[in-house]
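Per the numbering used here, residue 0 is the first one in the sequence shown, and the count goes up by one each step.
Ideal Cβ positions, reconstructed from N, Cα and C, are used throughout, including at glycine.
Structure, as structure tokens:
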Amino acid sequence: VLKQMSGMYAVDLSGAIITNIPNEFFYNQNRIKYVKLPEGLETINASSFYGTGLNEIEIPSSVTSIGKESFRNSKIRSIIFANNSQLETIGESAFYDCSLLKELSMPNSVTSIGSYTFYRCRNLHKLVFSDGLTSLPEYTCYENNSLAEIHFPSNLVSIGNGFMYGANSLKELYLPTSMRSIGRDAFAGLHTLKHLIIPEKLNSLGESAFHNSAGLEIVELPSGVSSYSLTFQGCGSIKKIVCRAATPPS
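What follows is the structure in structure tokens.
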């Protein structure tokens, strides 16, 4: 039905009694600028708003799940989560290539997000993760060139491969002290980062984790990592390394 309404630009579902937005419901409806979702909605299914022209959307507090690729390649600029949000999961690639999205603060009710969630969101400058997360998957913020401010979950344990590869606007990086593992290429290409403190509890550091972070000048290493494989390759500006290990790593 929607595909036959090519001129439609606004949809008000606030009075609807529905619990889910079906898969691909608004798929590639690029003229749609406004959608009002109803309270009582529980699930936004896969690719529901893929490729839409949405400028802004408010996610009702009753929504518990945002599906895979639900807003991928859309024109979304602002996502507002209602107070007392019950959101628990955000699927893989949910906001992939949302190139106009500028900032997002995730509700603390979220306990799981998929890989590639904010992949190539090139105008995203501020991102606040849920405190309910303990791991952040691979390529979550890959090539977020404008990302200048990021807030990690306070009890974060692990970060996946290529997590924020190429986030070359980030000048400060505060990694939680709870962290144990950082994946391969996770923070490669952070050109404007100058001072790096790797958390003391960390015991697993992937290959090339910080390579080509050309602006790095001071690095503080933990005692639990015994070897570094190409970790700081291409970091030619390093002037000082502080090592907490009794035996220097290889």
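Secondary structure at H210: coil, using DSSP grouped into helix, strand and coil.
Assignment of T42 by DSSP, reduced to helix, strand and coil, places it in the strand class. Counting along the chain, K170 sits inside no beta strand (DSSP E), nor does DSSP assign it H or E at all. Of the candidates M7, F186, S114, T110, the residue whose Cα lies closest to the Cα of L146 is F186.
Burial is judged here by how many other beta carbons sit within 10 angstroms of a residue's own beta carbon; Y95 has at least 16 and is buried.
Cβ-Cβ distances below 8 Å link G182 to E137, S157, I158, G159, N160, G161, F162, G205, A208 in the same chain, with the five nearest sequence neighbours on each side left out; the list follows chain order.
With distances taken between CA atoms, N22 lies nearest to N44 out of A9, R76, N44, L229.
Within the same chain, E41, T42, Q85, L86, E87, T88 come within 8 Å of T63 by CB-CB distance, once the 5 residues on both sides are set aside. Between S92 and T110, the C-beta spacing is not below 9 Å. In this structure, E219 keeps its C-beta atom at 9 Å or more from the C-beta atom of I237.
Between the alpha carbons of K32 and S13 lies a gap of roughly 16 Å. Residue pairing from DSSP places S77 in a beta bridge opposite E55, E102.
About 29 Å separates the beta carbons of N83 and G52, which is beyond the 8 Å limit, so they are not a contact pair.
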